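**Q** Residues 33 to 89 in the working numbering are what the sequence shown spells out, letter by letter.
Starting off with a structure, shown below.
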Amino acid sequence: MEINKTILISIYVALSLYILYKLFFKKNPYREEYERMYNEILNSSKHKVKGQYDKEE
33 MEINKTILIS IYVALSLYIL YKLFFKKNPY REEYERMYNE ILNSSKHKVK
83 GQYDKEE
């Protein structure tokens, strides 16, 4: 009976830690917008800077 109690308590602790994590570390909508814009700037050819290694053929 003691093992069942220990397993139940550990499940409750894991569940409460998960809920606390979700509560305090939610994804910020502004952060999501920033990451999208940052990735667009990094990966687009519109913002590409021509350097000495860019060869036009």
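The beta-carbon is built from N, C-alpha and C at its ideal position, and this holds for glycine as well.
Predicted, not measured: the structure shown is a model, and the values here were computed from it.
1) Expressed to the nearest angstrom, what Euclidean distance is found between the alpha-carbon atoms of Asn36 and Val45?
2) Using a Cβ-Cβ cut-off of 7 Å (strictly less than) and excluding sequence neighbours within five positions of Tyr66, which residues of its own chain qualify?
3) In three-state DSSP terms, what is Asn60?
4) In three-state terms, what does DSSP make of Met33?
**A** In short, the structure shows the following:
1) Here the question's residue 36 lines up with position 4 in the sequence shown. Here the question's residue 45 lines up with position 13 in the sequence shown. Their Cα atoms are separated by approximately 14 Å.
2) For the purposes of this step, residue 66 is taken as residue 34 along the sequence shown, with counting starting at 1. None.
3) By one-based count along the sequence shown, residue 60 stands at place 28. Correct three-state label for Asn60: coil.
4) Counted from its first residue, the sequence shown places residue 33 at position 1. Reduced to three states, the DSSP call for Met33 is coil.
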